[in-house]
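These notes are about the structure you will find just below.
Number of protein chains: 2
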Amino acid sequence: MYDGGVKTNYQYRGVDAREMLVASAQKLFAEQGVEATSPRQVLEDSGVGKGSLYHHFPTKRDLAHAAIDRMSVASLDNARSVLMSSGTPFERLSAYLTKPRDAVAGCRVGRLTSDATVMASDELQQPVHDYFTHLIDLVAEVFVEAGATPKRARERAITAVAVIQGGYVLSRALDDPDLMSRAVTGFLDLIEDR
Amino acid sequence: MYDGGVKTNYQYRGVDAREMLVASAQKLFAEQGVEATSPRQVLEDSGVGKGSLYHHFPTKRDLAHAAIDRMSVASLDNARSVLMSSGTPFERLSAYLTKPRDAVAGCRVGRLTSDATVMASDELQQPVHDYFTHLIDLVAEVFVEAGATPKRARERAITAVAVIQGGYVLSRALDDPDLMSRAVTGFLDLIEDR
DNA sequence: GTCTATAGAAAGATAGAC
DNA sequence: GTCTATCTTTCTATAGAC
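In structure tokens, the structure reads:
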């Protein structure tokens, strides 16, 4: 019997609900963390029904994994595009460090390191681990291009990424985006002509 | 009638229970955050009864406030004692940046900036705000002593504190205390003879 | 001040119809 | 794939005896 049309229809609807769920989860996780976000909130924000949520993501961990993975990949892609653009190594580094950030909102990925739900699961920690590993690698590469030894380049890359993450923490703590700007300026000032 | 002995006894017991509760809360908040810590866990860890908890701290927020206040004050006192010790400005700065830290555990105060319970309450945010404000002031003072202009001293102080906070994030993300060490070494290397 | 018993609400998930 | 109804456990507290 002919039922191709119906099948296709079902599949389209499925993909949409899945996407809506992941998008809402990403948003809510960025705002309040994974631990503090309930399946019910994701349901309400996405407009999707309870049955759909548990069909696509049997547990909260499954939904969290999908959302965290997306956020990490997107953040890394964004960093890569800035760090690998044209310009001198210092220009690219400077462009990455000063790129627009919602500092008071905090880092979507970095904040997960103090989220109980994430830290309780190796699976959820993995994307966070990978994000920072690759980000440091990318930044270190630019320092090497700038003439640093591999060891020193790596050290400075770690410091640079720490400045950003710390900038987020300070901007959030003092509710002021200026802390991020000044942390970055202070760092840039130190690496200039070195 | 004579009942002084009994009264005293009651008071001692009261103070002890209060102390036990705050101590347990501090420990659990440091391990898993405020949001993820339930009154029940604090009860079990402290060995205190449910009645006592709600007698001393009517709401979870009251307990959190007491514990966070303690942590912030203790952390600031610790920083002050290192930054105001004897030695050259660079020696003191270096001593502060390299002092032993449980980097993989994260910063007890800094992690609160991504805790939903804390960020939802001005009262709970206050100690965190004060901690970082005063810490930056202390570090800036040392940079001034080292010969920097007030403005530049402040900028470098913000960068220095960001390096520590970011070092915590990275050490936690990669589950490796070495990230903190290298972030600090990278920074120290840059401010040396400047 | 401390204890035990109780309670309303929400979290996290399952059951089974459609 | 999606929906509604249901369920268990935990959270955050309150009540009232001692």
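Quick note, the sequences are listed as chains A and B, same order. Each position in the first sequence, counted from 1, maps to that position plus 1 in this note's numbering. Each position in the second sequence, counted from 1, maps to that position plus 1 in this note's numbering. Note that the Cβ used here is the ideal one computed from N, Cα and C, for glycine as well.
Query	Result
Tell me which residues share the same chain as LYS143(A) and place their Cβ nearer than 7 angstroms to its Cβ, disregarding the 5 neighbours each side in the sequence.	First, the amino acid is wrong: residue 143(A) is Val here, not Lys. Same-chain partners within the cutoff: LEU84, PRO90, ARG93, LEU94.
Flag this pair as touching only if the stretch 72-81 of chain A and the stretch 123-134 of chain A have three or more C-beta atom pairs under 8 angstroms; answer yes or no.	yes
For ASP116(B), which three-state DSSP category applies?	coil
Could you tell me whether the Cβ of GLY148(A) comes closer than 8 angstroms to any Cβ of chain B?	no
Helix, strand or coil for SER95(B)? Go by DSSP, reduced to three states.	helix
Three or more C-beta pairs under 8 angstroms: does that hold for the stretch 106-114 of chain A against the stretch 184-191 of chain A?	no
Starting from GLU156(A), trace the alpha helix (DSSP H) both ways and give me its first and last residue.	151-174
Between the stretch 140-158 of chain A and the stretch 153-173 of chain B, are three or more C-beta pairs nearer than 8 angstroms?	no
Quick check on the DSSP output: the alpha helix (DSSP H) that includes GLU142(B) runs from which residue to which?	123-146
Where GLN12(B) and LYS100(B) are concerned, what is the direct C-alpha to C-alpha distance, given to the nearest angstrom?	Model confidence at GLN12(B) stands at a pLDDT of 43, short of 50, so the residue's coordinates are unreliable; what they give is reported in the following sentence. When rounded, the distance between both Cα atoms is 39 angstroms.
Out of ALA174(B), PRO40(B), ILE137(B), state which residue places its alpha-carbon closest to the alpha-carbon of VAL119(A).	ALA174(B)
Using the C-alpha atoms, what's the distance from ALA121(B) back to THR114(B)?	10 angstroms
Using only the alpha-carbon positions, how far apart do ASP63(A) and SER47(A) sit?	17 angstroms
Identify the contact partners of VAL164(B) in chain A, using a Cβ-Cβ distance below 9 angstroms as the criterion.	THR160, ALA163, VAL164, GLY167, ALA184, PHE188
GLU45(A) versus chain B: which residues are under 8 angstroms apart at the beta carbon?	Residues of chain B passing the Cβ test: none, with the nearest at roughly 17 angstroms.
Considering Cα atoms alone, identify which of TYR55(B), ALA68(B), GLU124(B), LEU98(B) is closest to SER82(B).	LEU98(B)
Check distances from the C-beta atoms of the stretch 56-68 of chain B to those of chain A and list, in chain order, the residues that come in under 9 angstroms.	none
Rounding to the nearest angstrom, what Cα-Cα distance links SER86(A) and PRO59(B) in this structure?	56 angstroms
Nearest chain A C-beta to GLU193(B) closer than 8 angstroms, yes or no?	no
I want to check one thing, is the minimum distance from the CB of GLU20(A) to the heavy atoms of the ligand GTP below 7 angstroms?	Looking at this structure, you won't find the ligand GTP or any other ligand, since it has none at all.
How is the alpha helix (DSSP H) around THR186(A) delimited, first residue to last?	179-192
Looking at the unbroken alpha helix (DSSP H) that takes in MET72(B), where does it start and where does it end?	61-84
Report buried or exposed for GLY52(B), applying the criterion of at least 16 other Cβ atoms within 10 angstroms of its Cβ.	exposed
Using a 10 Å radius around the Cβ and a threshold of 16 neighbouring Cβ atoms, would you call HIS57(A) buried or exposed?	buried
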